[in-house]
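Participant:
Protein chains: 2
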Amino acid sequence: MKKGMIKLTVLYPNSEGKTFNMDYYCNKHMALTSNFLGKTLKGMSVERGIAGVAPNSPAPYAAIGNMYFDSLEAFQKALSQADQLMADIPNFTNIEPVFQISEVMM
Amino acid sequence: MKKGMIKLTVLYPNSEGKTFNMDYYCNKHMALTSNFLGKTLKGMSVERGIAGVAPNSPAPYAAIGNMYFDSLEAFQKALSQADQLMADIPNFTNIEPVFQISEVMM
Chain A
263 MKKGMIKLTV LYPNSEGKTF NMDYYCNKHM ALTSNFLGKT LKGMSVERGI
313 AGVAPNSPAP YAAIGNMYFD SLEAFQKALS QADQLMADIP NFTNIEPVFQ
363 ISEVMM
Chain B
263 MKKGMIKLTV LYPNSEGKTF NMDYYCNKHM ALTSNFLGKT LKGMSVERGI
313 AGVAPNSPAP YAAIGNMYFD SLEAFQKALS QADQLMADIP NFTNIEPVFQ
363 ISEVMM
């Protein structure tokens, strides 16, 4: 992904009693996202949290999803139509995600 | 970056009174990191937080740095020698970062 692109990072914080279905997330939710956004979506990636860096520390986030767009306008247009994607969240997790919009610097 | 790789995500939470020097981070700190880790580091990226998705919401994180490794062993070896990199943090921010080790799923 290139400098200047817009990145949406969706972070799912770990905590007691929270679950995350990574299989559904990767195979169903991200497929839904990709189909829905079409060529507006320039890239996508997913990570599974393993650990923090302190010895024996849990990962702060169960999962992180990343989506890339050419511009803020392209992202905002996608977001304005994303109700279906938001509605899918309860199908794979009871975690309330944290959303960040960023500019790729390098 | 490929499925199965190990990713270190360093997140710098935004809050009142916190500062982050993105210029130093990209041009000095990441260069120091790249030189220090050499070919153990398989990829690197940086994002600057712009906003949250709720209208007029600030970005949860001022910046996010990402580093990729071939394996957990490679990452842990790099981490064990990273005192010099950790010591550089106060040179660009007064934010205490959050560290996550993840597996790349897709």
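Protein chains in written order, with the numbering used here: chain A, 263 to 368; chain B, 263 to 368. All C-beta atoms in this analysis are idealised placements derived from N, C-alpha and C, irrespective of residue type, glycine included. What you are looking at is a predicted structure, and each value in this text was computed from that prediction instead of being measured.
1. By the criterion of Cβ-Cβ separation under 7 angstroms, what are the contact partners of A:Y323 in chain B?
2. Cβ closer than 8 angstroms: which chain A residues qualify as neighbours of B:L299?
3. From B:T295, B:H291, B:M267, pick the residue whose C-alpha is nearest to that of B:Q343; which is it?
4. What residues of chain A sit near B:G311, judged by a beta carbon separation below 8 angstroms?
5. What span of residues does the alpha helix (DSSP H) with B:Q362 cover, start to end?
6. Taking 7 angstroms as the CB-CB limit, is A:M368 close to chain B?
7. Can you round the beta-carbon distance between A:A325 and A:A313 to whole angstroms, since I take them to be within the 8 angstroms contact cut?
8. Does the beta-carbon distance from B:E250 to A:S364 come in below 7 angstroms?
9. Would you say A:A336 and A:T302 are within 7 angstroms of each other, going by their C-beta atoms?
10. Please say whether B:Y286 and B:F354 have beta carbons closer to each other than 7 angstroms?
11. Could you pull out every residue in the same chain whose Cβ sits closer than 6 angstroms to the Cβ of B:K339, ignoring the five residues on either side in sequence?
12. Let's test the definition: count the other Cβ atoms within 10 Å of the Cβ of A:G327 and tell me whether it reaches 16, buried, or not, exposed.
13. Give, in chain order, every unbroken run of the beta strand (DSSP E) that is at least 3 residues long and sits entirely within the stretch 301-334 of chain A.
14. Would you mind sorting B:M368 into buried or exposed? The rule is 16 or more other CB atoms within 10 Å of its CB.
Facilitator: So, to answer that:
1. Simply Q362.
2. Correct list: empty, because the minimum Cβ distance to chain A is about 15 angstroms.
3. With distances taken between CA atoms, B:Q343 lies nearest to B:T295 out of B:T295, B:H291, B:M267.
4. Using a Cβ-Cβ cut-off of 8 angstroms, B:G311 is close to Q362, I363, S364 of chain A, given in chain order.
5. No alpha helix (DSSP H) holds B:Q362; the beta strand (DSSP E) holding it covers 360-366.
6. When Cβ-Cβ separations below 7 angstroms define contact, A:M368 makes contact with chain B.
7. That belief does not hold up - the Cβ atoms of A:A325 and A:A313 are roughly 14 angstroms apart, past 8 angstroms.
8. In the structure as shown, chain B begins at 263 and stops at 368. Residue 250 of chain B is therefore absent and cannot be evaluated.
9. Going by C-beta atoms, A:A336 is nearer than 7 angstroms to A:T302.
10. Contact flag set, yes.
11. Correct list: empty, nothing qualifies.
12. Around the beta carbon of A:G327, a 10 Å sphere encloses 16 or more other beta carbons of the protein chains shown; the residue is thus reported as buried.
13. The qualifying runs are 305-313, 323-331.
14. By the neighbour-count rule (16 or more Cβ atoms within 10 Å), B:M368 is not buried but exposed.
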